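*Asks:*
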Amino acid sequence: MNPESSDSEASDRGIVNGQENGDWVERYARSHQHAMNRACHMVGIPMIALSVLLAGVLFIVPGFWPVPVALFLVGWMLQFIGHAFEGKPPEFFQDWRFLFVGLRWWFSKLRRQIP
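This is the structure we're talking about:
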């Protein structure tokens with residue numbers, strides 16, 4: 056990071072290599088142009104995120120495992136169905152770091168920061 060950069064600039068740095076968070080989300084958005092792909096991702100991404108959070112409950116509630124597993128599997132199926140409509144593979148096939156960008160893209164869509 057540039058020592059002369061402000062704290063606000065530093066807080067907007069990306070995952071690696073000092074790339075801006077907005078750059079990651081913008082690239083992710085460019086690869087999700089088809090309306091059906093975006094719709095599948097708007098449903099699938101929170102399902103996956105919720106499944107990861109609910110996985111912690113597995114240690115407390117025995118027999119609860121079908122819920123997070125089903126959310127996880129259906130969420131990923133929706134994402135791949137969306138990419139079939141898009142006609143291109145998911146971004147994380149080229150760069151694994153995009154696995155962590157989808158949720159930021161989802162929040163940006165909810166806040167209407169990206170079209």
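Everything in the sequence shown is counted per my numbering, starting at 56 for the first residue and increasing by one. Glycine is no exception: its CB is placed at the ideal position from the N, C-alpha and C atoms. Source: prediction; values computed, not measured.
Cα separation between Leu128 and Arg85?
*Replies:* If I take the Cα positions, the gap works out to 25 angstroms.
*Asks:* If contact is defined by three or more beta carbon pairs under 8 angstroms, each pair taking one atom from either stretch, is the segment 150 to 164 in contact with the segment 115 to 124?
*Replies:* Cβ pair count under 8 angstroms is below three, so no.
*Asks:* Three Cβ pairs or more, each shorter than 8 angstroms: is that satisfied between the segment 156 to 168 and the segment 105 to 117?
*Replies:* The segment 156 to 168 vs the segment 105 to 117: no contact.
*Asks:* Find the nearest neighbour of Pro123 within the set Leu105, Met132, Met97, judged by alpha-carbon distance.
*Replies:* The shortest C-alpha separation from Pro123 is found at Leu105.
*Asks:* Using the C-alpha atoms, what's the distance from His87 back to Phe162?
*Replies:* Near 15 angstroms, if we compare the C-alpha coordinates of His87 and Phe162.
*Asks:* Going by the CB atoms, is the gap between Gly99 and Trp79 shorter than 8 angstroms?
*Replies:* Contact: no.
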